[in-house]
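Chemist:
Residue numbers (the UniProt record's numbering), protein chains in the order written: chain U, 1 to 284; chain L, 1 to 331.
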């Protein structure tokens with residue numbers, strides 16, 4: 001099964017330069033656009049994202065402020081473009097740390113089994129027993145609200161899904177013949193684990209990490225919305241929605257545009273995950 | 001004769017199943033000379049693979065263990081080695097090729113990298129040098145265009161090429177001994193012949209000794225120098241290929257040879273040995289073969305025969321070996 005899967009994977013990588021699945025290109029394009037916007041924010045944003053223009057408060061979208069202004073007279077478009085930097089960073093770091101911790105611990109649990117496996121699985125059970133957001137909030141509050149605390153909390157809570165995913169894969173392939181052959185060449189446990197087992201086991205996690213990025217993004221926005229993540233006046237989509245919600249009936253544009261930004265970025269990740277899954281032959 | 005490169009004495013492997021201990025390999029002893037191809041023949045479950053895997057302590061289950069014996073490799077008993085020293089033996093001194101090359105190669109690492117990895121793991125060489133050697137080995141095992149094939153993956157190779165690649169991986173660190181566990185069983189006949197040719201060539205050019213595990217007597221007579229016939233976890237006959245295959249003295253060996261479909265006798269029924277090989281946990285007392293043996297008597301069912309010399313370099317474990325000379329027949 002693993003062999004067939006990796007065969008599709010290899011074929012797929014070549015396919016990617018020709019006629020891969022449509023969601024892959026679509027998702028990739030959306031992400032690329034957001035990435036470009038984030039990188040070139042200083043050039044593209046028409047205004048300073050935290051500059052407050054007292055003369056232009058709560059202006060609806062017009063030719064000067066395309067997406068309108070908020071109650072402090074800040075330009076929404078500029079704040080969204082600058083906010084992309086923060087939100088992409090959230091999606092990246094919020095996934096990378098749990099991914100690294102989860103795959104390492106998961107492969108140890110799967111490969112060695114025994115008490116290591118038992119202890120890790122019980123820890124995972126404990127983490128999963130708490131509602132995700134509640135646990136995150138508790139950790140962030142203990143540490144001090146802020147973006148770095150968010151990453152720490154994300155790493156502490158998010159690794160469990162990766163660990164379980166990788167462990168299950170390792171369990172399947174650790175008894176396969178090429179592992180026996182690697183042992184017959186005298187390789188050490190760590191070499192077999194990280195050089196031979198993990199590359200064969202990680203595809204599922206890579207695909208999952210893309211859809212996980214969506215959840216992390218929404219989480220980041222939610223945490224910021226609750227005032228525990230990014231602190232004002234920094235431009236971040238979650239905060240913008242939080243700040244704009246009291247004006248939702250009178251100034252819809254304050255919340256709507258950052259909302260659309262979150263939705264499109266999330267959709268980009270989601271489509272990419274779908275396409276990648278299809279390309280690599282991985283089904284979640 | 002010169003000093004053997006590997007000398008195995010009284011190797012036993014036991015399995016613990018639900019509190020009881022079953023002997024799977026029972027006091028197997030043999031010598032392997034430098035540059036020799038030793039055939040290990042037997043039915044499924046006769047312990048031939050288990051014997052070879054026990055040598056490099058590659059027993060896949062914690063229930064299996066080597067319970068006794070010694071294996072002297074270049075003057076040292078490898079059964080006394082700890083796990084770290086054993087790693088140098090595996091791949092370094094003893095290489096292993098398996099039956100199914102498609103599943104014994106890592107699917108997501110290129111063939112060349114797998115060879116280079118083995119070289120770099122066992123020897124202190126630079127990345128570039130390892131690559132050069134890997135290409136050279138690929139060339140030696142007969143893979144065309146090795147420079148380009150270095151970056152190919154296992155699934156891009158055909159069955160025979162994969163087997164060549166696996167041989168290349170096993171040969172990467174220039175082992176003294178190659179254990180070939182039914183390396184041609186999964187291949188078709190023409191490819192099989194090529195692989196056998198390759199193995200004998202490697203023996204001739206590199207002087208590597210080969211333990212060749214198979215159940216195909218045809219292959220044995222093609223490439224082996226000596227043969228050990230195994231039955232029920234014991235070696236029942238050991239000797240030169242010509243003696244064992246041509247004039248086997250153990251009734252089991254004779255039965256195996258008789259089972260080969262003879263050429264030039266179409267329509268004739270292929271002969272078989274009656275009965276089933278003994279199952280683990282149900283080993284008969286005395287000689288393991290006695291329930292199926294045509295030459296059986298009471299003695300056979302009580303006393304297990306030892307391997308005794310019956311001719312120059314020829315040993316047989318039977319109370320009533322088949323006579324091949326008039327003098328023998330008289331005794």
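Ideal Cβ positions, reconstructed from N, Cα and C, are used throughout, including at glycine. As the structure is a computational prediction, the values presented were derived from the model and not from experiment.
1) For residue 130 (chain L), I'd like the list of residues in its chain whose CB is within less than 7 Å of its CB, leaving aside the five on either flank, ordered along the chain.
2) Could you give the DSSP three-state label for residue 306 (chain L): helix, strand or coil?
3) Going by DSSP, name the residue or residues bridged to residue 234 (chain L).
4) Residue 256 (chain U) versus chain L: which residues are under 8 Å apart at the beta carbon?
5) Of all the residues that make up the stretch 164-193 of chain U, which are near chain L by a beta-carbon distance shorter than 9 Å?
6) Would you say residue 157 (chain U) and residue 135 (chain U) are within 9 Å of each other, going by their C-beta atoms?
7) What does the alpha-carbon distance come out to for the pair residue 111 (chain U) and residue 51 (chain U)?
8) Give me the chain L residues within the contact set of residue 65 (chain U), using Cβ-Cβ distance strictly less than 7 Å, ordered along the chain.
9) How is residue 272 (chain L) classed by DSSP in three states: helix, strand or coil?
10) On the premise that residue 85 (chain L) lies in contact with residue 280 (chain L), defined as a C-beta separation below 8 Å, what is that separation, rounded to the nearest angstrom?
11) Classify residue 64 (chain L) as helix, strand or coil using the three-state DSSP reduction.
12) Who are the Cβ neighbours of residue 172 (chain U) in its own chain at under 6 Å, not counting the five residues just before and after it?
13) Does residue 169 (chain L) come within less than 9 Å of chain U when only Cβ atoms are used?
14) Using a Cβ-Cβ cut-off of 7 Å (strictly less than) and excluding sequence neighbours within five positions of residue 160 (chain L), which residues of its own chain qualify?
15) If you measure beta-carbon to beta-carbon, which residues of the stretch 55-89 of chain L are closer than 8 Å to chain U?
16) Output, in chain order, the set of chain U residues within a Cβ distance shorter than 7 Å of residue 118 (chain L).
17) Examine chain L for any beta-carbon lying closer than 9 Å to the beta-carbon of residue 195 (chain U), and answer yes or no.
18) Residue 348 (chain L) CB to nearest chain U CB: under 9 Å?
19) Taking three-plus beta-carbon pairs below 8 Å as touching, is the stretch 230-245 of chain L in contact with the stretch 34-52 of chain L?
20) Count the other C-beta atoms from every protein chain shown that fall within 10 angstroms of the C-beta of residue 181 (chain L), then say buried if there are 16 or more, exposed otherwise.
21) Grab me the residues of residue 244 (chain L)'s own chain with a C-beta within less than 7 Å of its C-beta, minus the 5 sequence neighbours each way, in chain order.
22) Just grab the DSSP bridge partners of residue 314 (chain L) for me.
23) Could you check whether residue 159 (chain U) and residue 204 (chain U) sit closer than 9 Å to each other, using their CB atoms as the reference points?
24) Could you pull out every unbroken beta strand (DSSP E) segment of at least 3 residues lying fully inside the stretch 66-103 of chain L, listed in chain order?
25) When the cut-off is 9 Å and only beta carbons count, does residue 314 (chain L) lie next to chain U?
26) Within a Cβ cutoff of 7 Å, which residues of the same chain sit near residue 3 (chain U), ignoring the five residues on either side of it in sequence?
27) What would DSSP say about residue 41 (chain U), mapped onto helix, strand or coil?
28) Who does residue 181 (chain L) pair with in a DSSP beta bridge?
29) What's the C-alpha gap between residue 97 (chain U) and residue 191 (chain U)?
30) Using the Cβ count rule (16 or more neighbours within 10 Å means buried), how would you classify residue 40 (chain U)?
31) Just to confirm before moving on: does the CB-CB distance between residue 229 (chain U) and residue 145 (chain U) stay below 9 Å?
32) Using the Cβ count rule (16 or more neighbours within 10 Å means buried), how would you classify residue 224 (chain U)?
33) With a CB to CB cut of under 8 Å and the five nearest residues on each side skipped, what residues in its chain are close to residue 126 (chain L)?
34) Any beta-carbon of chain U closer than 9 Å to the one on residue 103 (chain L)?
35) Going by DSSP in three states, residue 273 (chain U) sits in which element: helix, strand or coil?
36) In the DSSP output, what is residue 22 (chain L) paired with across the bridge?
Modeler: According to the data block:
1) Your numbering for residue 130 (chain L) matches position 130 in the second chain. Result list for residue 130 (chain L): 116, 119 and 120, in chain order.
2) Position 306 of the second chain, counted from the start, is the residue given in the question as residue 306 (chain L). Coil, per DSSP.
3) Here residue 234 (chain L) is taken as the residue at index 234 of the second chain, counted from 1. Paired residues: L:231.
4) Counted from its first residue, the first chain places residue 256 (chain U) at position 256. Taking the beta carbon of residue 256 (chain U) as reference, no residue of chain L falls within 8 Å; the closest one sits roughly 46 Å away.
5) Within the stretch 164-193 of chain U, the qualifying residues are 175, 176, 177, 178, 179, 180, 181, 182, 183, 184, 185, 186, 187, 188 and 191.
6) Working through the first chain from its first residue, we reach residue 157 (chain U) at position 157. Working through the first chain from its first residue, we reach residue 135 (chain U) at position 135. Going by C-beta atoms, residue 157 (chain U) is nearer than 9 Å to residue 135 (chain U).
7) By 1-based counting over the first chain, the position of residue 111 (chain U) is 111. By 1-based counting over the first chain, the position of residue 51 (chain U) is 51. Using only the alpha carbons, I get a separation of about 55 Å.
8) Here residue 65 (chain U) corresponds to residue number 65 of the first chain, with the count starting at 1. Near residue 65 (chain U) there are no residues of chain L at all, since even the closest Cβ is about 52 Å away, more than 7 Å.
9) As a working mapping, residue 272 (chain L) is identified with position 272 in the second chain. Coil at residue 272 (chain L), not helix or strand.
10) As a working mapping, residue 280 (chain L) is identified with position 280 in the second chain. As a working mapping, residue 85 (chain L) is identified with position 85 in the second chain. Incorrect: roughly 31 Å between the Cβ atoms, too far for contact.
11) Along the second chain, one-based indexing puts residue 64 (chain L) at 64. DSSP, reduced to helix, strand and coil, places residue 64 (chain L) within a strand of the structure shown.
12) Translated into the one-based positions of the first chain, residue 172 (chain U) becomes position 172. Around residue 172 (chain U): no qualifying Cβ.
13) Taking the first residue of the second chain as position 1, residue 169 (chain L) is located at position 169. Yes, residue 169 (chain L) lies at the interface with chain U (some Cβ there is under 9 Å from its Cβ).
14) By 1-based counting over the second chain, the position of residue 160 (chain L) is 160. Same-chain partners within the cutoff: 187, 191, 194 and 195.
15) Cβ contacts with chain U come from 56, 58, 60, 86, 87, 88 and 89.
16) Stepping through the second chain from its first residue, residue 118 (chain L) is reached at position 118. Correct list: 185.
17) On the first chain, position 195 is the one that residue 195 (chain U) refers to. Nearest CB-CB separation between residue 195 (chain U) and chain L: below the 9 Å threshold.
18) In this structure chain L extends from 1 to 331, so residue 348 (chain L) is not present and cannot be described.
19) For the pair of segments examined, the stretch 230-245 of chain L was found to touch the stretch 34-52 of chain L: the number of CB pairs separated by less than 8 Å reaches three.
20) Against the second chain, residue 181 (chain L) aligns to sequence position 181. Counting Cβ neighbours within 10 Å, residue 181 (chain L) comes out buried, since at least 16 surround it.
21) Counting from 1 along the second chain, the entry for residue 244 (chain L) is found at position 244. Answer for residue 244 (chain L): 227, 229, 237 and 253, listed in chain order.
22) Residue 314 (chain L) sits at position 314 when you count from the first residue of the second chain. According to DSSP, which records beta bridges pairwise, residue 314 (chain L) is partnered with L:311.
23) Residue mapping note: residue 204 (chain U) aligns to position 204 of the first chain, counting from 1. Residue mapping note: residue 159 (chain U) aligns to position 159 of the first chain, counting from 1. No.
24) As far as the stretch 66-103 of chain L is concerned, its whole beta strand (DSSP E) runs of at least 3 residues are 94-97.
25) Taking the second chain and counting its residues from 1, one reaches residue 314 (chain L) at position 314. Residue 314 (chain L) does not count as touching chain U.
26) The count along the first chain starts at 1 and reaches residue 3 (chain U) at position 3. Low confidence applies to residue 3 (chain U): its pLDDT is 49, below 50, so where it sits in the model is not reliable enough to give any reading.
27) The residue given as residue 41 (chain U) occupies position 41 in the first chain. In the structure shown, residue 41 (chain U) adopts helical secondary structure according to DSSP, grouped into three states.
28) Taking the first residue of the second chain as position 1, residue 181 (chain L) is located at position 181. Beta-bridge pairing links residue 181 (chain L) to L:213.
29) Position 97 of the first chain, counting from 1, holds the residue named residue 97 (chain U). Position 191 of the first chain, counting from 1, holds the residue named residue 191 (chain U). Whole-angstrom Cα-Cα distance: 22 Å.
30) As a first step, residue 40 (chain U) is located in the first chain; it is residue number 40 there, counting from the start. Burial is judged here by how many other beta carbons sit within 10 angstroms of a residue's own beta carbon; residue 40 (chain U) has fewer than 16 and is exposed.
31) Walking along the first chain from the start, residue 229 (chain U) turns up at place 229. Walking along the first chain from the start, residue 145 (chain U) turns up at place 145. Using a Cβ distance threshold of 9 Å, residue 229 (chain U) and residue 145 (chain U) count as a contacting pair.
32) Walking along the first chain from the start, residue 224 (chain U) turns up at place 224. Buried.
33) Residue 126 (chain L) sits at position 126 when you count from the first residue of the second chain. Sequence-distant Cβ neighbours of residue 126 (chain L) in its own chain, meaning closer than 8 Å and more than five residues away, do not exist here.
34) Reading the second chain from its first residue, position 103 is the one you call residue 103 (chain L). Flagged as an interface residue toward chain U: residue 103 (chain L), by a C-beta distance shorter than 9 Å.
35) On the first chain, residue 273 (chain U) is found 273 positions in, with the first residue counted as 1. Of the three classes helix, strand and coil, the one that applies to residue 273 (chain U) here is helix, per DSSP.
36) In the second chain, residue 22 (chain L) corresponds to position 22, counting from 1. In the DSSP assignment, the residues bridged to residue 22 (chain L) are L:15.
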